[in-house]
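Be aware that the sequence shown starts at 6, since it is given in the numbering used here, and climbs by one per residue. Ideal Cβ placement from N, Cα and C applies to all residues, glycine included.
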Amino acid sequence: MSFNYRKGLRRIVATLLVLMTISTFIILPTYADFDDIDEPAQYYGVVQVSTLNVRQGASMDAGVITTLPYGSRVRVNWIEPGWVCVAYNNDGLMGYVSSDYITVYEGAMPEASEGGQAVCDLAAQFLGVPYVWGGTSPSGFDCSGLVQYVYAQLGYKLARVADDQMKEGIAVSRDQLMPGDLIGFSSAGLGGYASHIGIYVGDGMMIHAPHTGDVVKYTSIDSDYYKTRFAGARRIIY
């Protein structure tokens, strides 16, 4: 084998080694490259029945860990045929719920405060609408009709009458009120049957449809009349 041939062969081998090294740096992604990759889609679910069992496994025979009330929003971890694995509390504890009773949405789960503010913003669109006994539409609302209609536009199916609406969601104390919470009042006095209901909007105010001859408007919950008739509060979005 001639000297020139060996010399040429060495050059070819050296060139190939350089190209292989360069291609390695090009092909292998760095951590920065991985950071630029879109994260997997996020999903959350909204409970569509009054009480939904959260089970230990994807089976009706699996034990019940806890229950979720209507309207609860939970992070979805994954979906199996007939079942949805959810994180049912803020600590990320997981369980399974039947896919028949939960609606799954794509996207990050809205914060409760954001959802509550959406309720207030929507309700404000009906300021000035006349009170109509039994009214459930923008042509005229009674107190519970307004609440039911507003929440329905945001995907929450609530009961029709005030006292039943005050059994929805979770109970909150007066000093825990957040925008969007339901606040009930009783003509019988503190803690009685809820004969009237409004939507808390913050700063001690609510939006409600008061009575015949009046219109949807803002009212202070600390007024003498309502302060002595407080019957409780409920949070639907949490």
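{"Check": "Taking the C-alpha atoms as reference points, what is the distance between residue 82 and residue 62?", "Outcome": "13 angstroms"}
{"Check": "Could you spell out the range, first to last residue, of the alpha helix (DSSP H) harbouring residue 157?", "Outcome": "148-158"}
{"Check": "Hey, is the region 102-113 in contact with the region 168-180, meaning 3+ C-beta pairs nearer than 8 angstroms?", "Outcome": "no"}
{"Check": "Over the uninterrupted alpha helix (DSSP H) stretch that includes residue 49, give me the two end residues.", "Outcome": "It is not in any alpha helix (DSSP H) - residue 49 instead sits in the beta strand (DSSP E) that spans 48-52."}
{"Check": "Here's a check: name, in chain order, each residue in its chain whose Cβ is nearer than 7 angstroms to the Cβ of residue 216, leaving out the five neighbours to either side.", "Outcome": "136"}
{"Check": "In its own chain, which residues sit with a C-beta less than 8 angstroms from the C-beta of residue 99, not counting the 5 before and 5 after it?", "Outcome": "82, 90, 91, 92 and 93"}
{"Check": "Alpha carbon to alpha carbon, how far is residue 166 from residue 50?", "Outcome": "26 angstroms"}
{"Check": "When DSSP labels each residue in this structure, what does residue 240 get in the three-state scheme?", "Outcome": "strand"}
{"Check": "Please classify residue 198: is it buried, with 16 or more other beta-carbons within 10 angstroms of its beta-carbon, or exposed?", "Outcome": "exposed"}
{"Check": "Looking only at its chain, what residues have a beta carbon closer than 7 angstroms to the beta carbon of residue 225, apart from the 5 residues adjacent to it on each side?", "Outcome": "209 and 210"}
{"Check": "Check for me: the beta strand (DSSP E) holding residue 223 runs from which residue to which?", "Outcome": "222-225"}
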